[in-house]
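So the sequence lines, in the order shown, correspond to chains E and U. Numbering-wise, the working numbering puts 161 at position 161 of the first sequence, and it's gapless, one number per residue. Numbering-wise, the working numbering puts 316 at position 80 of the second sequence, and it's gapless, one number per residue. Below: one structure, written as structure tokens.
2 protein chains.
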Amino acid sequence: MAKLDISLVAHLPLFSGIKPDDLDEILREARSARYPRNTAIFEQGADAQSFFLLLHGHVRAAKTTPTGEQIVVRYVAPGETFGLAMAIGATHYPATALAVDDSVALIWPTSAWPRLIERFPALAANTMQTVGKRLQESHTRILEMSTQQVEQRVAHALLRLANQSGKKLDHGIEIDFPISRQDIAQMTGTTLHTVSRILSGWESQGLVESGRQRIILRDPHRIVVLAERSPDGSTS
Amino acid sequence: MAKLDISLVAHLPLFSGIKPDDLDEILREARSARYPRNTAIFEQGADAQSFFLLLHGHVRAAKTTPTGEQIVVRYVAPGETFGLAMAIGATHYPATALAVDDSVALIWPTSAWPRLIERFPALAANTMQTVGKRLQESHTRILEMSTQQVEQRVAHALLRLANQSGKKLDHGIEIDFPISRQDIAQMTGTTLHTVSRILSGWESQGLVESGRQRIILRDPHRIVVLAERSPDGSTS
DNA sequence: GTGCGTTTTTGCGCTATCGCAAACTGCCTG
DNA sequence: CAGGCAGTTTGCGATAGCGCAAAAACGCAC
């Protein structure tokens, strides 16, 4: 079992610079678990007892306001870590993690983290990189929310999803997990209604094909153009 | 000179867990520089040759879009680090840093970072914490931009600034560096016009007193109420 | 003290987007 | 195969906030 895992995860950025023997040791400290579709993995505010490496499936990390509104912080794809609260010095999860598809994850107890990074400093360095990357993505998202209109933000969001978790089709790219208009609204700071209108419009132009929790980008190139177009509609 | 620095910085979170002798060694690798008000410290996109610890003054980190619009990523207060591009694996600065007030910073060459964190793992851990905290703040900001209206976002922004860099007055809190309506607009994703209108409104209610690049919160408590009030205006 | 550039204020029309409501569709369950 | 539910579509006001424009206020430099 562990042997199998090694070949699957050895190439991940998280483990870059880690020797196979060390990796073996690291993996021995983990257990793995299966999360059926729509299972909560952890809840915002709960004690951060574990951190995770997603092997299969897709996980949505979402943050909820006191008044109950939600935003999607990110979608986790296989090979990515999540629930790293302790690495960043938090004792409680700042968001809720939900398996949006049948998923499998490796799980380490939070308590193992200090020892792991002491023994394998590369782990800390790699984690720093990914946290840093997420920080920059956050800033990009803030920039987009501040300067672009909804249609452009939705375009960007879909392109990112396609890039991260797109399945190439004969003609187009399909987003490889169930995702609703509501989800996209929560990624872009708008309402499901507006997302629905936008997708309907795109569909009638042949840019996308979509249905219940399913989106296929039929013409990614033209969506890129949309994403970058200045508000007044000029192409320059 | 170095002796003087030690007493000033020893208690900073960045150096927590570092022994005085080690701190001395770390500080010996740094030089310090003075940046007069409105001086650029580094430009977005430039080669990340240094990282910084602000000793005095205030620095604004801002990100610019291809089309020239700007957002303020954050304001740096004394004791905080900035320009940590390399720590998060970037070779170029993702934002522009500008001294908004006469400022002094310690400067390390980026090339010293790998050696420093190898010799002093606590440095890496502490940096991880602050990057993690910034990530969470980013997410909070995204949440606010997605769910709150402009007035509430401005309220939150001012409260944060007051908290980070507020100078207590006999009656109220003054934000301790020059900041324009435009700056606040760029922190909250709106326009200077709207910020101006909001502040004018607040001023007439005695909540704030403000002028050219200057803001005093006269009634922080009521501003907190504003920040948390639900969109329909009910207090519950 | 005067002049100038920057910042702020304010008015006014416009529109992107929301909010609500209602109808529709497709899927899963039994 | 019928029923029901979750997700989606669409219409129709309502409006928060933008964009433009012009005037006013402030502070600095000479």
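Heads up, the beta-carbon is just placed ideally off N, CA and C, and yes, glycines get one too.
Of the residues the options, the one placed nearest residue i, counting alpha carbons only
i: Glu387(U); options: Ala361(U), Met423(U), Ala398(U); result: Met423(U)
i: Ala122(E); options: Pro350(U), Leu334(U), Leu405(U); result: Pro350(U)
i: Glu29(E); options: Ala46(E), Arg37(E), Tyr35(E), Ser50(E); result: Ser50(E)
i: Ala112(E); options: Trp202(E), Gly201(E), Leu27(E); result: Leu27(E)
i: Lys299(U); options: Ile142(E), Pro109(E), Leu159(E); result: Ile142(E)
i: Thr383(U); options: Thr110(E), Thr191(E), Ile179(E), Gln136(E); result: Thr191(E)
i: Gly57(E); options: Met86(E), Pro36(E), Asp21(E); result: Pro36(E)
i: Arg417(U); options: Glu464(U), Pro345(U), Ser436(U), Leu405(U); result: Ser436(U)
i: Pro314(U); options: Thr327(U), Ala326(U), Ala335(U); result: Ala335(U)
i: Thr194(E); options: Arg153(E), Arg214(E), Ile223(E), Gly172(E); result: Arg153(E)
i: Gly479(U); options: Glu373(U), Gln280(U), Asp283(U), Asp455(U); result: The first residue shown for chain U is 237 and the last is 472, placing residue 479(U) beyond what the model contains.
i: Ala393(U); options: Ala361(U), Ile459(U), Gly447(U); result: Ile459(U)
i: Glu380(U); options: Gly189(E), Pro109(E), Ser32(E), Val104(E); result: Gly189(E)
i: Asp258(U); options: Gln306(U), Arg450(U), Arg355(U), Ser401(U); result: Arg355(U)
i: Val340(U); options: Ala246(U), Arg270(U), Glu305(U); result: Arg270(U)
i: Ile175(E); options: Ser204(E), Arg214(E), Ile184(E); result: Arg214(E)
i: Ser16(E); options: Thr65(E), Ala87(E), Asn38(E), Gln129(E); result: Gln129(E)
i: Leu395(U); options: Glu439(U), Ala323(U), His457(U); result: His457(U)
i: Ile353(U); options: Val444(U), Glu261(U), Val461(U); result: Glu261(U)
i: Ala391(U); options: Lys369(U), Ala421(U), Gln372(U); result: Ala421(U)
i: Arg267(U); options: Leu290(U), Lys255(U), Thr301(U); result: Leu290(U)
i: Glu69(E); options: Asp183(E), Arg212(E), Ala124(E); result: Asp183(E)
i: Phe177(E); options: Ser210(E), Pro20(E), Pro66(E); result: Ser210(E)
i: Leu226(E); options: Ser196(E), Arg197(E), Gln149(E); result: Gln149(E)
Rounded Cβ spacing between residue i and residue j (contact assumed at less than 8 Å)
i: Val367(U); j: His139(E); result: The Cβ separation is near 12 Å, so there is no contact.
i: Ile216(E); j: Leu161(E); result: Actually they are not in contact, since the Cβ atoms of Ile216(E) and Leu161(E) sit about 12 Å apart, beyond 8 Å.
i: Leu61(E); j: Ala85(E); result: According to the sequence provided, residue 61(E) is Ala. The question's Leu does not apply to it. With a Cβ gap of about 11 Å, Ala61(E) and Ala85(E) do not count as contacting.
i: Asn163(E); j: Pro13(E); result: The Cβ separation is near 16 Å, so there is no contact.
i: Tyr311(U); j: Ser401(U); result: 7 Å
i: Gln280(U); j: Ala326(U); result: Incorrect: roughly 11 Å between the Cβ atoms, too far for contact.
Test: residue i CB closer than 8 Å to a CB of chain U
i: Gly79(E); result: no
i: Ile41(E); result: no
i: Ser103(E); result: no
i: His92(E); result: no
i: Pro178(E); result: no
i: Arg141(E); result: yes
i: Val100(E); result: no
i: Thr235(E); result: Since pLDDT at Thr235(E) reaches only 47, below the 50 mark, its modelled position is unreliable, and no value is offered.
i: Ala124(E); result: yes
i: Gly83(E); result: no
i: Leu192(E); result: no
i: Lys167(E); result: no
i: Val73(E); result: yes
i: Val76(E); result: no
i: Pro121(E); result: yes
Beta-ladder partner(s) of residue i, from DSSP
i: Pro345(U); result: Ser286(U)
i: Gln306(U); result: Thr300(U)
i: His328(U); result: Asp283(U)
i: Val340(U); result: Arg270(U), His292(U)
i: Val208(E); result: Leu217(E)
i: Phe278(U); result: Ala333(U)
i: Thr317(U); result: Leu289(U)
i: Val233(U); result: This structure does not reach residue 233(U), given that chain U is present from 237 up to 472, and the question cannot be answered.
C-beta neighbour in chain E for residue i, strict 8 Å
i: Gln400(U); result: no
i: Glu305(U); result: yes
i: Gln388(U); result: no
i: Thr301(U); result: yes
i: Ser382(U); result: yes
i: Leu462(U); result: no
i: Lys255(U); result: no
i: Gln280(U); result: no
i: Arg465(U); result: no
i: Ile434(U); result: no
i: Gln372(U); result: yes
i: Ile324(U); result: yes
i: Gln385(U); result: no
i: Val431(U); result: no
i: Gln449(U); result: no
i: Val367(U); result: yes
beta-carbon residue i near the ligand SAM non-hydrogen atom, thresh 7 Å
i: Arg465(U); result: As far as ligands go, the structure on display features none, and thus does not contain the ligand SAM.
Completely contained alpha helix (DSSP H) runs for the region 370–416 of chain U, where each covers 4 or more residues: 386–401
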